[in-house]
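Working notes, beginning with the structure itself.
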Amino acid sequence: MARRRIAELAGAMRFFSRLPVPHIVAEDDPAAPPSMARMAWAVPVAGALVALPGAVVLWIGHALALPGLLAGALAVLALVATTGALHEDGLSDTLDGFGGGRTRERKLEIMRDSRIGAYGAAGLVLSILIRTISLAALVDAAGPWTAIAGLLGGQSLSRLAAIGVMALLPPARPGGLSASAGRPSGGDFANAILVAALMALLILGPAFGLLAPLIGLVIAVAVTLGIAGLAEREIGGQTGDVAGATQQAAEIALLVTFVAAR
Numbered sequence: 021m022a023r024r025r026i027a028e029l030a031g032a033m034r035f036f037s038r039l040p041v042p043h044i045v046a047e048d049d050p051a052a053p054p055s056m057a058r059m060a061w062a063v064p065v066a067g068a069l070v071a072l073p074g075a076v077v078l079w080i081g082h083a084l085a086l087p088g089l090l091a092g093a094l095a096v097l098a099l100v101a102t103t104g105a106l107h108e109d110g111l112s113d114t115l116d117g118f119g120g121g122r123t124r125e126r127k128l129e130i131m132r133d134s135r136i137g138a139y140g141a142a143g144l145v146l147s148i149l150i151r152t153i154s155l156a157a158l159v160d161a162a163g164p165w166t167a168i169a170g171l172l173g174g175q176s177l178s179r180l181a182a183i184g185v186m187a188l189l190p191p192a193r194p195g196g197l198s199a200s201a202g203r204p205s206g207g208d209f210a211n212a213i214l215v216a217a218l219m220a221l222l223i224l225g226p227a228f229g230l231l232a233p234l235i236g237l238v239i240a241v242a243v244t245l246g247i248a249g250l251a252e253r254e255i256g257g258q259t260g261d262v263a264g265a266t267q268q269a270a271e272i273a274l275l276v277t278f279v280a281a282r
C-alpha cells in the first residue's frame, strides 16, 4: 500500500512539474501514462512539493533584503519554471477560446491553437501581476514565513480545484490531455479534499489561524464549481486547459484572501 502511494505521488509530481523525480519504488513507472483517478489524492501534496523552489527563492530574496515586489516576482518566476508554465498555458488558452469563439467547436479550435491572443495575454499578465503583488504584500505585512505558508497553501489547494473540475465534468473532446489522464470519480475527489484539508491545516494553520484552512477549502471548492459551470456552458465539458485555468483562478483567489486576512 505504502509503495503504491509513493508511486502515485511521484507520478503526480512528474505530471505537474519539470522536476527530475527519480524512480523510487518498483511500482513507480515513469514511462506509464498518468492516471488522475489513481493519483487524485496526491495532487494537493504534489502541489505543495512542486512549489518548494518558489518558496526557497522567496526566502532567499527576503534574506538578501530585496524589495518585496522583486522577491515576489522571482518566486513566481521559479513557480512558472518548475511547472513549465503548465497552468499559465491553460489559462491563456481557455481565455482565448471562451472569449474569442462563438460556437463550441470554434472555442475548442482556438484552445488548441498555440498562439496567444489578446484575452490570453491579458490574463497571463494579470495572473503574474496579482500573484507577485500578493506575495510581496504578505512578505511586507507578515514576514517571509507567512508568505511562504500562503504560497505553499495556495499551490496545494489550487491543485485541488483543478482536480475538482476534472471530476465534475466529462472531457470536452477525445484525445486531449484531460481525456488521456482519465477522469477522477467523486470518491477520488473526496479523498483529495481530505488530503487537501490536512495539508491546509498543517501549512496555513500556524501562519493564519485555524479558520484559514476552512476558508481556503471553501474558496477552492467555490472556484471549482464556478469554472465547472462556465466550462459546461461554453464547451460542454472540461479540458486540460480548463483545469489549468481553474488552478490559476483558485491560486489568485486564495492569495488575495490571505492578504486580506493579514
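Take 21 as the starting number for the sequence shown in the working numbering and just add one per residue. Don't be surprised by glycine CBs; every beta carbon is placed ideally from N, CA and C.
For the stretch 124–139 against the stretch 87–102, do three or more pairs of beta-carbon atoms, one drawn from each stretch, fall closer than 8 Å, so that the two count as touching? No, the stretch 124–139 does not touch the stretch 87–102.
Residue from Leu-78, Gly-140, Gly-174 with nearest C-alpha to Gly-239: In the sequence as presented, Gly is not what sits at residue 239; that position holds Ile. With distances taken between Cα atoms, Ile-239 lies closest to Gly-174.
Between Met-59 and the ligand FAD, is there a pair consisting of the residue's CB and a ligand heavy atom that are separated by less than 7 Å? Absence of the ligand FAD is noted for the structure shown, with no ligands found whatsoever.
Cβ-based burial, Glu-254 [other Cβ within 10 Å; buried from 16]: Answer is buried; the Cβ neighbour count reaches 16.
For Pro-64, name the three-state secondary structure that DSSP assigns. Reduced to three states, the DSSP call for Pro-64 is helix.
According to DSSP, is Pro-73 helix, strand or coil? Three-state result, Pro-73: helix.
State the Cα-Cα distance for the pair Ile-148 and Ser-154, rounded to the nearest angstrom. Rounded to the nearest whole angstrom, the CA to CA distance from Ile-148 to Ser-154 is 10 Å.
By DSSP, does Leu-191 sit in helix, in strand, or in coil? Per the sequence shown, the amino acid found at residue 191 is Pro instead of Leu. Secondary structure of Pro-191 (DSSP, three-state): strand.
Distance check for Ala-66 and Pro-40, CA to CA, integer angstroms please. Their Cα atoms are separated by approximately 13 Å.
Any contact between the stretch 149–169 and the stretch 113–131? By contact I mean 3 or more CB pairs, one from each, below 8 Å. Short answer: they don't touch.
What is the rounded straight-line gap between the Cα of Thr-103 and the Cα of Leu-29? Distance from the CA of Thr-103 to the CA of Leu-29, rounded to the nearest whole angstrom, comes to 16 Å.
When the Cα atoms are used, what is the spatial distance from Ala-220 to Ile-168? A direct Cα-Cα distance of roughly 13 Å separates Ala-220 from Ile-168.
In this structure, what does DSSP give as the bridge partners for Gln-258? DSSP lists Pro-191 as partners of Gln-258.
Give the straight-line distance between the Cα atoms of Gly-163 and Leu-89, rounded to the nearest whole angstrom. Their backbone Cα atoms lie some 13 Å apart in a straight line.
What is the C-beta distance between Arg-203 and Met-56, in whole angstroms, given that I count them as a contact (C-beta under 8 Å)? Contact flag correct, Cβ pair sits at about 7 Å.
Which whole-angstrom value describes the C-beta separation of Ala-62 and Ala-22, a residue pair presumed to lie in contact below a C-beta threshold of 8 Å? Contact doesn't hold; Cβ gap of about 13 Å is too wide.
Exposed unless 16 or more other CB atoms sit within 10 angstroms - verdict on Ser-45: With the sequence shown as reference, residue 45 is identified as Val, and Ser is not the correct amino acid for it. Residue burial is scored here from C-beta neighbours: Val-45 has fewer than 16 other C-beta atoms within 10 angstroms and is therefore classed as exposed.
Residue from Pro-42, Ser-37, Leu-78 whose Cα sits closest to the Cα of Asp-160: The option with the nearest alpha carbon to Asp-160 is Leu-78.
On the CB-based measure, 16 or more other CB atoms within 10 Å of its CB, does Pro-191 come out buried or exposed? Burial check for Pro-191: the Cβ neighbour count within 10 Å reaches 16 or more, so the residue is buried.
Assign Ser-178 to buried or exposed, taking buried as 16 or more other Cβ atoms, counted over all protein chains shown, within 10 Å of its Cβ. Per the 10 Å Cβ criterion, buried.
Locate the alpha helix (DSSP H) running through Pro-204, then write down its first and last residues. That residue, Pro-204, is in no alpha helix (DSSP H); it is neither H nor E in DSSP.
Assuming Pro-64 contacts Ser-176 (C-beta within less than 8 Å), just tell me the rounded distance between them. Contact holds; Cβ gap of about 5 Å.
Sorted by chain position, which residues of the same chain lie with C-beta nearer than 7 Å to Pro-54's C-beta, five sequence neighbours on each side aside? Closer than 7 Å at Cβ, skipping near neighbours: Gly-31, Phe-35, Ala-201.
Within the chosen definition, does the stretch 109–123 reach the stretch 247–265 through at least 3 CB pairs nearer than 8 Å? Yes, since at least three Cβ pairs between the stretch 109–123 and the stretch 247–265 fall closer than 8 Å, the two stretches touch.
DSSP three-state label for Gly-104, please. Three-state result, Gly-104: coil.
C-alpha distance - Ala-181 paired with Leu-189, whole-angstrom precision: Cα-Cα distance, rounded: 13 Å.
Would the beta-carbon of Ile-235 fall within 8 Å of that of Phe-209? No, the pair does not count as a contact, with Cβ atoms beyond the cut-off.
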